[in-house]
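So the structure is just underneath, and the comments pick up after that.
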Amino acid sequence: MLGELNSFQQENSIQRFESNIDEYIIDWQINKTVVHAADLLSAAIVNSKRENKFVIEAANFVLSNKAKASISQISLANQILSKEIICDLSTIYNQVSLDTLPSLIDPIPVRNKIKETKLLLLNYPANPILHVENSRYYSILGQEKNSIDSMKIALHLAPNNRFVLRCATRLFAHYENEKNEYLDYIHNILRRSPATKFDPWLTSAEISISTIRNRNSKFLKTGIDLINSKNISPLNFTELASSIGTVELLDGSQKKSREFFNKALINPNDNSLAQIEWASNRDKQIIVNPSNFNVRMNFEALTLDNFHNNEYNQALDNAAKWFIDMPFSKRPIMFGSNLASTVLKDQSKAISFLNAGLVSHPNDPQLINNLAYSLALDNRPNEAFEQLNKIKNDSEYNETTQICLTATKGLALFRSGLIDAGRNFYIDAIEQSKQMKNQELNWIAILNYAREEVRINSEYVASIMDAVSKINVLDNIVIKTLKNDIIELHKKSKET
Amino acid sequence: MTDNAAHNLLNLTLNSGWEVIEKIEKTDNQTGAFFSVCYLVQKDNEVCFLKAFDFAKFLTIAVPGTKIVDVMNDMLIAYKYERDLSEHCKNKKVDKVAFVKVADEEIVPGYAITIVPYLIFDLAEGDIRKKLDFSIELDYALRLKSLHDIAVGLKQLHNIEVTHQDLKPSNILVYSNNESKIGDLGRSICKSIDGPYNKQIFTGDCTYAPPEIMYGYWEKDWKKRVYATDCYLLGSLIAFYFTGISMNALIRKHIPDSFSWEQWTGTYADLVPYLENAFASALIEFENNISRVDLKKDLKLLIERLCNPFPDKRGHPKNIATIGNNYNMERFVTILDLLKRRAELRIKTF
Ligand SMILES: Nc1ncnc2c1ncn2[C@@H]1O[C@H](COP(=O)(O)OP(=O)(O)O)[C@@H](O)[C@H]1O
Ligand SMILES: [Mg+2]
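Chains as they are written, first to last, in my numbering: chain A, 40 to 535; chain B, 14 to 363.
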């Protein structure tokens, strides 16, 4: 996303007026009042002089005399001291963490936001940014059609606006499936937009969509020319270079592809780095170390990075940001809830994530299953059943999901004290996963089942622990954690 | 810098008979571009405000590469302009503008440059910033009375083809009878008098300049441009009276950094939605500062019309409909008069 909110060409050649704020500083030094302080702050924000020591002094002065200051004066002082971040599309994420997630995805405020935006639209019906914003709110609520419709309006209003086109590309690519033609739609718009020919960010989007659709891009040559034109700065062509590099790599011309990836690396951003990392797995001669580059990474990358460095709480917060960034994607929710539930064994955090996910993906069986699982582990079997009962006809879901649902029912039954019934469901799930030849799922089912038997110290403990000991996947953190936990639990139960 | 003659008038009795009784100190600094030094002067028991022009200071701030005679010339024009403009306004029913009472010059021996031209004005209590208090409940009547005065003053200036270009809190003078007047005509533009700035795109203080000037997308038609500027500046003043910050600050607060006037280099068309967005948010913020339910909506509408970031949409809709007359002040004077009386009435019934 970075880069699309700035411009790449110098188009208005007229020099801006240089202006200094000395006069305001002097007035403030002579008159130490809130009004003079705020006049200085106004001048400072208008002229980008926020770091000036007198400006900082004036901002602190306003804040320590709040009783004499207006709402706007206080807010401006906070903004100057960076204590207040204005909520625009690019900065909202700073406020997201797992703790604030529930309030952010609470449907009521989101619906209110939609109402507010609609009011603004009465005055500015042709403002595409407002429609983009509405589209995003709808996607948080899981209202795919409304979300797409709002984005289509924005596209009609500003068919050449980079920000709109790129937001639309991302949204349409995500909601794309066999039953709709979203990719077709956005691809047509990108191809038709006159801006695609000269805006490297859009050329890059067109080439990527062509690649996803397995087509030859008509803009490949244009893109190469843009990069070679020397009119565009490396940051502005980094994504274009990496998407051309990808095309070349897929075509088998490694030499050319490396040349473009190298250009992309002159001043990369999160997206181009991710692309180059992907490429480096295919072409071992491409060597990149993302931490060598000072780019703001996307939230997904940050989450995974935190995870690999065992910074789990940090990972959860970034997963929350990742979700708010892409409310239409289920992956941040699955990732966050699994991490919280299994590795951190913090069911309430997992439940937070899953509830958030269910707002944008209501009735999603996987999310419902995981929620029921966490509720049951938290010894709230009745609530777990309440969730499971929402699933009317599980035969329409894929086999893996069905097996998970069966196992979770087993868990909820165990925790309700209905041991025999629970055992039957688990045995079923284990059998089915074996038939499906899904080893991972099979092991996860066995481990979960084992924990329940160990907890009640049943007559089956010995045989199930034998099965557990045969499980030896060390690179799957979920399986590894589950296994270690059970061995611990078993040890303890033998001691007492 | 304080070695210059203009800084050393204290305790002198000028040829015009005025006795200089107090220097209004401004802590000077090296970069400062101020060439006026202010004093209180007295004659026949009347105390007035004197603005002395520091010619020597003008030399030191000369832009490298320009000739000293040119700088001297600019300076003289600046002084003559303010003097002649006041003369031009006199006797033309312009009573809400602070005029020059006396224009003269003093020779102060012993300095490199001995001549000090000066202007004397009626003494005000100060600029409006001293009068604005943002504790708890705002004094709406006081504010609207002052704004009405200023709108009237601006209308009067426009009537004689003068645009002010530098309307901002520090240039609004308040007198002991609670009357406000427009001060500092130094940056104004008058069709019939050659001014120091007539050839510039924008003559006022860039901190308060309307967005089209900030972004460099100004109106090419000179006349439209200068009237559109005054219109915005009046709106910005209203914003300041009620929020305590300028309209530019209100707008800038809501623009993502990459779209700000310092950074943006893209096309105007691409900028429009962001500027619209920021303006809409600024209006909402403006409204949040106003607690009086009976004034909220009207004041917001007023700002919306005066400060629209797009000059074509600026002004009263009924003016915009009649071509060539977009920025006429008449209707705004009427609206402010109405609001002023509404606010005063409230005080009486309390
Ligand atoms: N007539 C006056 N009476 C009292 N104070 C004044 C008067 N005129 C100006 N001032 C004060 O002096 C400051 C500077 O005067 P101004 O005419 O605006 O000159 P400048 O060109 O330096 O801005 C004003 O902001 C105001 O505070
Ligand atoms: Mg002034």
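Think of the CB as a built atom: it goes at the ideal place given N, C-alpha and C, for glycine as much as any other residue.
Among the options, the one whose alpha carbon lies nearest that of residue i
i                         : options                                : result
alanine 484 of chain A    : A/Glu491, A/Ala468, A/Lys154           : A/Ala468
lysine 182 of chain A     : A/Ile407, A/Pro366, A/Ile495, A/Ala82  : Here residue 182 of chain A is glutamine; the residue named in the question, lysine, does not match the sequence. Considering only alpha carbons, the answer is A/Pro366.
asparagine 481 of chain A : A/Glu491, A/Cys443, A/Ser111           : A/Cys443
tyrosine 131 of chain B   : B/Asn28, B/Thr220, B/Glu289            : B/Asn28
asparagine 511 of chain A : A/Asn349, A/Ser532, A/Gln478, A/Ser189 : A/Gln478
tyrosine 163 of chain A   : B/Asn290, B/Asn339, B/Asn321, B/Thr347 : B/Asn290
proline 437 of chain A    : A/Leu450, A/Ile305, A/Lys429, A/Gln471 : Per the sequence shown, residue 437 of chain A should be read as asparagine rather than proline. It is A/Gln471.
lysine 194 of chain B     : B/Lys181, B/Ser205, B/Ile206           : B/Lys181
lysine 448 of chain A     : A/Thr440, A/Glu435, A/Ser434, A/Phe464 : A/Phe464
histidine 347 of chain A  : A/Gly461, A/Gln474, A/Asn515           : A/Asn515
valine 346 of chain B     : B/Leu358, B/Pro324, B/Leu312, B/Asp325 : B/Leu312
lysine 56 of chain B      : B/Met85, B/Thr26, B/Glu100             : B/Thr26
Paired residues, beta bridge with residue i - DSSP
i                           : result
alanine 116 of chain B      : B/Leu132
phenylalanine 62 of chain B : B/Leu53, B/Phe134
leucine 186 of chain B      : B/Asp140, B/Lys194
lysine 36 of chain B        : B/Tyr52
valine 175 of chain B       : B/Cys203
Rounded C-alpha distance that separates residue i from residue j
i                            : j                            : result
isoleucine 518 of chain A    : glycine 456 of chain A       : 26 Å
arginine 175 of chain A      : serine 186 of chain A        : 7 Å
valine 377 of chain B        : proline 239 of chain A       : In the structure as shown, chain B begins at 14 and stops at 363. Residue 377 of chain B is therefore absent and cannot be evaluated.
glycine 208 of chain B       : threonine 176 of chain B     : 12 Å
threonine 44 of chain B      : valine 101 of chain A        : Since pLDDT at threonine 44 of chain B reaches only 39, below the 50 mark, its modelled position is unreliable, and no value is offered.
leucine 160 of chain A       : alanine 193 of chain A       : 12 Å
histidine 161 of chain B     : glycine 257 of chain B       : 18 Å
arginine 490 of chain A      : phenylalanine 338 of chain A : 34 Å
histidine 75 of chain A      : leucine 410 of chain A       : 56 Å
phenylalanine 112 of chain B : arginine 355 of chain B      : 30 Å
cysteine 102 of chain B      : valine 165 of chain B        : 14 Å
tryptophan 274 of chain B    : lysine 88 of chain A         : 13 Å
proline 330 of chain B       : aspartate 188 of chain A     : 33 Å
asparagine 253 of chain A    : serine 368 of chain A        : 23 Å
tyrosine 214 of chain A      : valine 73 of chain A         : 52 Å
aspartate 152 of chain B     : serine 259 of chain B        : 18 Å
aspartate 66 of chain A      : serine 183 of chain B        : 9 Å
asparagine 339 of chain B    : glycine 328 of chain B       : 5 Å
alanine 222 of chain B       : isoleucine 264 of chain B    : 12 Å
lysine 106 of chain B        : glutamine 169 of chain B     : 7 Å
threonine 127 of chain B     : glutamate 119 of chain B     : 8 Å
Cβ neighbour criterion (16 or more within 10 Å) applied to residue i
i                         : result
arginine 231 of chain A   : exposed
leucine 349 of chain B    : buried
valine 298 of chain B     : Contrary to the premise, residue 298 of chain B reads as glutamate rather than valine in this sequence. With 16 or more other Cβ atoms within 10 Å, it is buried.
threonine 335 of chain B  : exposed
glycine 30 of chain B     : exposed
asparagine 357 of chain A : buried
threonine 321 of chain A  : Before going further, note that residue 321 of chain A is arginine rather than threonine in the sequence given. By the neighbour-count rule (16 or more Cβ atoms within 10 Å), arginine 321 of chain A is not buried but exposed.
leucine 23 of chain B     : exposed
glutamate 59 of chain B   : exposed
valine 94 of chain A      : buried
valine 286 of chain A     : buried
glutamate 38 of chain B   : exposed
proline 148 of chain A    : exposed
lysine 353 of chain B     : buried
isoleucine 325 of chain A : buried
valine 82 of chain B      : exposed
alanine 501 of chain A    : exposed
aspartate 108 of chain B  : exposed
aspartate 459 of chain A  : exposed
Within 8 Å, strictly: CB atoms of residue i and residue j
i                         : j                            : result
alanine 244 of chain A    : leucine 265 of chain A       : no
asparagine 332 of chain B : asparagine 341 of chain B    : yes
isoleucine 407 of chain A : glutamine 386 of chain A     : no
cysteine 61 of chain B    : phenylalanine 134 of chain B : yes
leucine 98 of chain B     : serine 201 of chain B        : yes
alanine 318 of chain A    : threonine 277 of chain A     : no
leucine 319 of chain B    : glycine 248 of chain B       : yes
aspartate 309 of chain A  : alanine 340 of chain A       : yes
alanine 106 of chain A    : serine 148 of chain B        : yes
Closer than 8 Å to chain E by CB, residue i
i                        : result
glutamine 182 of chain A : As a matter of chain content, chain E is missing from the structure shown, whose protein chains are A and B.
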